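What follows is a set of notes on a single structure, which appears directly below.
Protein chains: 2
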Amino acid sequence: MESAGQPVANGELRVVQHSAARTRVLDAALALFAERGVSGTSLQMIADAVGITKAAVYHQFRTKEQIVLAVTERELGRLGPALEEAEAHGDGSQARDALLVHVIDMAVRDRRLVRTLQFDPVVVRLLAEHEPFQRFMDRLYRVLLREGEDGALEGAMLSGAISSGVMHPLVGDIDDDTLRTKLTNMTRRLLGLPVKPVAGTG
Amino acid sequence: MESAGQPVANGELRVVQHSAARTRVLDAALALFAERGVSGTSLQMIADAVGITKAAVYHQFRTKEQIVLAVTERELGRLGPALEEAEAHGDGSQARDALLVHVIDMAVRDRRLVRTLQFDPVVVRLLAEHEPFQRFMDRLYRVLLREGEDGALEGAMLSGAISSGVMHPLVGDIDDDTLRTKLTNMTRRLLGLPVKPVAGTG
DNA sequence: GTCTATATTATGATAGAC
DNA sequence: GTCTATCATAATATAGAC
Numbered sequence: 124m125e126s127a128g129q130p131v132a133n134g135e136l137r138v139v140q141h142s143a144a145r146t147r148v149l150d151a152a153l154a155l156f157a158e159r160g161v162s163g164t165s166l167q168m169i170a171d172a173v174g175i176t177k178a179a180v181y182h183q184f185r186t187k188e189q190i191v192l193a194v195t196e197r198e199l200g201r202l203g204p205a206l207e208e209a210e211a212h213g214d215g216s217q218a219r220d221a222l223l224v225h226v227i228d229m230a231v232r233d234r235r236l237v238r239t240l241q242f243d244p245v246v247v248r249l250l251a252e253h254e255p256f257q258r259f260m261d262r263l264y265r266v267l268l269r270e271g272e273d274g275a276l277e278g279a280m281l282s283g284a285i286s287s288g289v290m291h292p293l294v295g296d297i298d299d300d301t302l303r304t305k306l307t308n309m310t311r312r313l314l315g316l317p318v319k320p321v322a323g324t325g
Numbered sequence: 124m125e126s127a128g129q130p131v132a133n134g135e136l137r138v139v140q141h142s143a144a145r146t147r148v149l150d151a152a153l154a155l156f157a158e159r160g161v162s163g164t165s166l167q168m169i170a171d172a173v174g175i176t177k178a179a180v181y182h183q184f185r186t187k188e189q190i191v192l193a194v195t196e197r198e199l200g201r202l203g204p205a206l207e208e209a210e211a212h213g214d215g216s217q218a219r220d221a222l223l224v225h226v227i228d229m230a231v232r233d234r235r236l237v238r239t240l241q242f243d244p245v246v247v248r249l250l251a252e253h254e255p256f257q258r259f260m261d262r263l264y265r266v267l268l269r270e271g272e273d274g275a276l277e278g279a280m281l282s283g284a285i286s287s288g289v290m291h292p293l294v295g296d297i298d299d300d301t302l303r304t305k306l307t308n309m310t311r312r313l314l315g316l317p318v319k320p321v322a323g324t325g
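The listed protein sequences derive, respectively, from chains A and B.
Each residue of the first sequence is one higher than the one before, starting from 124 at the first, in my numbering.
Each residue of the second sequence is one higher than the one before, starting from 124 at the first, in my numbering.
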């Protein structure tokens with residue numbers, strides 16, 4: 124299992140089952156990254172949050188960048204199954220819609236990680252530099268973006284609207300269920316789709 | 124002119140005319156903040172970008188936080204006149220619309236600063252902690268947000284859609300004029316407003 | 001898996017000369 | 001307004017014991 128310590132493989136996003144110790148580090152790191160940004164978070168802070176020393180953290184991850192990489196891969200990877208399902212259903216509007224609901228669901232449930240994954244400069248650079256991330260994002264956009272000249276802009280605005288819709292100070296006191304419903308409706312409005320109740324998975 | 128080195132005054136956002144040397148520092152800092160984030164930018168990097176030493180930077184600003192403060196105040200302050208004009212025209216939809224056009228215009232023209240002002244953790248903290256910023260944002264939202272229970276969410280999504288619409292990798296190759304027009308149209312669609320041509324200022 | 005201890009470099013910040 | 005020189009601290013990272 125030494126591959127878990129390596130950079131992201133050249134192929135797909137790996138789904139790694141981390142050890143309990145590694146998981147504790149990643150959880151603490153993610154929380155700190157969301158609050159203070161990746162560059163604003165030191166290994167000392169992560170170690171303190173876990174309740175261990177820096178050296179123990181370095182035993183789990185060779186560099187800070189490896190931690191960022193692992194966090195990003197783990198969280199982004201959670202969209203993998205939904206993406207594969209959508210791809211299996213062809214490129215119709217139904218597949219796109221189902222994936223969109225899933226993305227909104229994940230964004231609402233884990234609001235704090237949105238800022239890190241979408242906007243942190245360090246993560247953005249990682250996503251741009253590592254091929255597996257690029258490929259994964261390409262696949263995501265291929266399903267989510269609509270055909271036509273405005274597809275890219277639409278997708279960009281959509282992703283920002285959802286992100287900001289879950290993390291903006293203005294929406295801090297809206298409960299998850301309400302937020303999910305309203306986000307979905309407004310997303311449909313932005314896309315010019317008919318507004319309908321949120322579909323269940325069954 | 125010693126007030127320029129002080130924290131933001133308790134009253135309004137100050138409009139400070141910085142010296143040439145200070146302006147060079149602020150310009151370099153803003154560019155670096157946009158690229159690497161505030162925490163990822165050191166005073167050494169800023170000094171190198173300007174072509175001076177750290178000590179010379181410290182002659183202009185007492186701390187790094189003062190630089191962040193000055194950059195934020197300067198850029199946010201550019202919206203001041205448009206905001207005041209909108210407030211003078213009452214709280215009708217016409218005033219909101221005019222301000223919205225202005226905000227989009229500024230976002231498109233200076234795409235790189237959007238990430239810093241809207242999403243950088245350090246700037247977000249500053250905005251939340253300093254009263255003048257809070258007051259300014261309150262005024263902005265009072266004009267931009269619509270009445271009703273969904274006003275806050277609408278505003279949050281709107282701000283994210285515009286931000287992401289100008290800074291997302293997907294839109295990097297769209298020219299300013301095209302982007303401004305399409306952003307305005309999609310913004311109207313999100314708000315459920317009739318889509319019309321962008322109005323001039325005269 | 002965790003610790004103590006340490007090396008190295010970078011960081012924010014200051015003093016004082018020109 | 002800028003420089004050289006310096007300081008104290010914090011950063012990333014490693015070695016080796018338990």
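All C-beta atoms, glycine included, are put in the ideal place defined by N, C-alpha and C.
Just so you know, these numbers come straight off a predicted model, no measurement behind them.
Residue 187(B) and residue 150(A) have their C-alpha atoms spaced approximately 30 Å apart. Close to residue 229(B), with beta-carbon spacing below 8 Å, lies no residue of chain A; the smallest spacing is near 16 Å.
Residue burial annotation: residue 204(B) is exposed, with fewer than 16 other C-beta atoms found within 10 angstroms of its C-beta. Distance from residue 244(A) to residue 274(B) at the Cβ level is roughly 31 Å; contact not present, criterion being Cβ atoms closer than 8 Å. The beta carbon of residue 244(B) sits closer than 8 Å to some beta carbon of chain A. For the stretch 293-323 of chain B, the set of residues with a beta-carbon nearer than 8 Å to any beta-carbon of chain A comprises 293, 294, 297, 302, 305, 306, 309, 312, 313 and 315, in chain order.
In the displayed model, residue 173(A) falls within a helix according to three-state DSSP. By the CB criterion at 8 Å, residue 191(B) and residue 148(B) fall outside the cutoff. Listed along chain A, the residues sitting closer than 8 Å to residue 284(B) by beta-carbon distance are 280, 281, 283, 284, 287 and 313. Nothing from the stretch 209-220 of chain A brings a Cβ to less than 8 Å from some Cβ of chain B. Cβ contact annotation for residue 316(B) (same chain, cutoff 6 Å, sequence separation greater than five): none.
Taking a contact as a CB-CB distance under 8 Å, the pair residue 289(A) and residue 231(A) counts as one, their CB atoms being some 5 Å apart.
Contact between residue 184(A) and residue 239(A) is ruled out by a C-beta separation of about 17 Å, above the 8 Å threshold. When 7 Å is used as the limit between beta carbons, residue 142(B) is near no residue of chain A, the shortest such separation being about 29 Å. For the pair residue 287(A) and residue 282(B), the CB atoms are nearer than the 8 Å cut-off.
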